[in-house]
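Remarks on the structure that follows.
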Amino acid sequence: MRILLYRADGNTGPWADDFARHLPDATCVAWTEGEKPAPCDYAVVWAPPETMLRELAEVKAIFLMGAGADAILRHGDAIPRHIPIVRLGDAGMGVQMAEYVVHAVLRYFRRFDQYDDQAAVGEWRPLPAHDKASFAVGVMGAGVLGQRILECLKPFGFPLHAWSRNPKQIEGVTSFVGSDGLDAFLQRTRVVVCVLPLTEDTSNILNRANLAKLPPGSYVINVARGAHLSEPDLLTFIRSGHIAGATLDVFRNEPLPLQHPFWQEPRITITPHIAALTLRGESVRQMAEKIMQLEQGLPCADIVNRDLGY
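Okay, here's the thing in structure tokens:
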């Protein structure tokens with residue numbers, strides 16, 4: 106068995122070492138621009154160039170080194186429809202994402218963002234506590250990651266909402282569905298958390314019209330993709346006070362350019378796309394299991410639906 110590896114940073118050696126432990130009979134080779142590799146059975150990639158994808162017409166499956174499929178689906182025409190694209194399941198990302206979101210929610214609820222501002226100027230002034238009953242947290246995207254976030258928020262007693270494309274039954278969570286349920290979801294949510302997959306339907310979903318539907322003094326947390334958020338619209342609502350603060354881990358251009366106005370806005374917290382880092386060992390173990398399932402003709406989980414975009 107031959108496995109073709111590609112990462113934009115070129116650091117495929119550790120991935121090859123891990124595959125050697127889980128699939129000792131496999132040979133891993135790195136893809137290099139301009140060097141056509143020998144035929145391979147599988148490809149393991151992250152954000153591959155279109156030129157590479159056009160060389161993969163004979164592989165049995167393409168595995169992604171992450172949970173999102175948007176980077177490869179933008180070149181979808183280069184991949185024959187019969188070749189499955191397999192994304193990572195949780196692979197250790199769910200707990201990291203939940204840690205990040207819970208931290209951000211509690212920071213806003215306990216007003217630590219405001220206490221940081223006071224401490225910077227030597228001000229000692231206790232602030233009134235937020236009312237938990239009116240501090241509803243709404244998660245956009247109720248898949249594996251979204252549900253893990255909701256489960257981790259439950260012990261804190263916030264009203265919890267979920268918005269998704271299809272109906273979800275999650276104990277202790279009020280669910281809203283599709284375009285018909287979006288307005289009600291936003292109107293009843295004080296902290297909106299975006300963990301949606303990026304598709305044509307979800308691109309720019311956090312725009313002027315939808316941000317306006319959030320209650321005054323709301324908060325935005327985006328750990329999905331930068332293209333979900335209209336950056337100029339967020340700035341407008343932050344400066345007006347309608348949005349009290351935002352915690353952003355993803356951006357339309359990464360790294361975020363130094364001249365970007367987000368850097369100068371104290372009510373926007375910026376992190377460098379670290380909410381959920383890929384854990385290589387767990388990811389390779391999961392891929393190896395799925396490869397063996399495909400080799401045995403068994404069903405394989407987490408195959409991307411190209412029509413839905415995730």
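Every position in the sequence shown, counted from 1, becomes a number in the numbering used here once 105 is added. Backbone N, C-alpha and C define an ideal beta-carbon position, used for all residues, glycine too.
DSSP places V249 in the helix class (H, G or I) of the three-state scheme. In the three-state reduction of the DSSP assignment, F168 falls in the strand class, which pools E and B.
Taking the Cβ atoms as the reference, L303 lies roughly 4 angstroms from R330, within the contact range of under 8 angstroms.
One Cα belongs to V244, the other to A351, and the distance between them is close to 14 angstroms. In this model, D130 and L110 are separated by some 16 angstroms (Cα to Cα). Setting aside the 5 residues that flank it on each side, E305 is surrounded in the same chain by G414, each with a C-beta closer than 8 angstroms to its C-beta; the list follows chain order. Per DSSP, reduced to three states, the secondary structure at W151 is strand. Burial of H266 is indicated by the presence of at least 16 other C-beta atoms within 10 angstroms of its C-beta.
Taking all protein chains shown into account, G277 has fewer than 16 neighbouring C-beta atoms within 10 Å of its C-beta and is therefore exposed.
Under the DSSP assignment, A203 falls in the alpha helix (DSSP H) whose first and last residues are 198–214.
Nearest to A162 by alpha-carbon distance, out of N315, D407, G181, K395, is G181. K259 has its alpha-carbon roughly 16 angstroms from the corresponding atom of V249. Collapsing the DSSP output to three states places W229 in coil.
In the DSSP assignment, T341 falls within the unbroken alpha helix (DSSP H) covering 336–345.
Contact check for V328 and V300: beta-carbon distance about 6 angstroms, within the 8 angstroms limit, so the pair qualifies. Collapsing the DSSP output to three states places H266 in a strand. Spanning the alpha carbons of P371 and A143 requires a straight line of approximately 52 angstroms.
In the three-state scheme derived from DSSP, where H, G and I count as helix and E and B as strand, N309 is classed as coil. Out of L287, F214, L311, Q364, the CA that lies nearest to the CA of F261 is found in F214. Here the alpha carbon of T341 sits roughly 11 angstroms from the alpha carbon of A317. In terms of CA proximity to R313, I348 leads the group I348, L178, P185. Excluding sequence positions up to five before and after R357, its CB lies within less than 7 angstroms of the CB of G331, A332, E336, all in the same chain and listed in chain order.
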